[in-house]
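One structure is given here, and the rest of the page talks about it.
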Amino acid sequence: MAVLIDRAMWPAHGTVWAHLVSDTSLEELHEFARLNEVPRRSFDRDHYDVPEHRVADLIAAGAEPVSGGELVRRLTASGLRVRAKDR
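Every position in the sequence shown, counted from 1, becomes a number in this note's numbering once 2 is added.
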């Protein structure tokens with residue numbers, strides 16, 4: 003029952019990116035993203051990619067900071083994870 007965010011460490015487009023996920027439902031994730039003005043175009047099947055400069059704001063809004071490994075474990079346990087080979 004949480005929206006999770008990992009540390010921004012994925013380089014692209016002149017910045018580094020974090021992943022924003024829900025361990026409950028995609029509806030919860032989309033609602034959190036909408037309320038925090040995360041563009042829908044940054045959604046990628048089971049997560050939103052968010053630039054480093056947005057991470058602190060999203061944590062302040064209620065996203066739980068977790069390690070990348072914890073994020074993947076909880077996303078997998080929720081049944082929402084889309085594996086890379088299935089993309």
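Note that beta-carbon positions come from the ideal geometry of N, C-alpha and C, so glycine has one too. Fair warning: this is a prediction, and the values are worked out from it, not measured in the lab.
7 Å CB neighbourhood of P67 in its chain, flanking five on each side removed
Taking the sequence shown and counting its residues from 1, the one referred to as residue 67 is at position 65. Within the same chain, and ignoring the five residues on either side of P67 in sequence, the residues whose Cβ sits closer than 7 Å to its Cβ are I7 and I61.
Would you call S69 buried or exposed, if buried means 16 or more other Cβ atoms sit within 10 Å of its Cβ?
The sequence position of residue 69 within the sequence shown is 67, counting from 1. Classification for S69: exposed.
H55: buried (16+ other C-beta within 10 angstroms of its C-beta) or exposed?
For the purposes of this step, residue 55 is taken as the residue at position 53 of the sequence shown. Exposure of H55 is indicated by the presence of fewer than 16 other C-beta atoms within 10 angstroms of its C-beta.
Are the C-beta of A58 and some C-beta of chain C separated by less than 9 Å?
Judged by its chain identifiers, the structure shown contains no chain C, having just a single protein chain.
Let me confirm a value: S24 is counted as buried when at least 16 other C-beta atoms fall within 10 Å, else exposed. Which label applies?
Working through the sequence shown from its first residue, we reach residue 24 at position 22. By the neighbour-count criterion, in which a residue is buried when 16 or more other Cβ atoms sit within 10 angstroms of its Cβ, S24 is buried.
Which residues in the same chain have their Cβ closer than 6 Å to the Cβ of F34, if we skip the five residues on either side of it in sequence?
Your numbering for residue 34 matches position 32 in the sequence shown. For F34, where only same-chain residues beyond five positions count, the Cβ hits under 6 Å are V5.
Go through the region 45 to 78 residue by residue and report every complete run of the alpha helix (DSSP H) that reaches 4 residues or more, in order.
Listed in chain order, they are 54 to 62.
Per-residue DSSP class, three states only, for H21:
As a position in the sequence shown, residue 21 is number 19, starting the count at 1. Three-state result, H21: strand.
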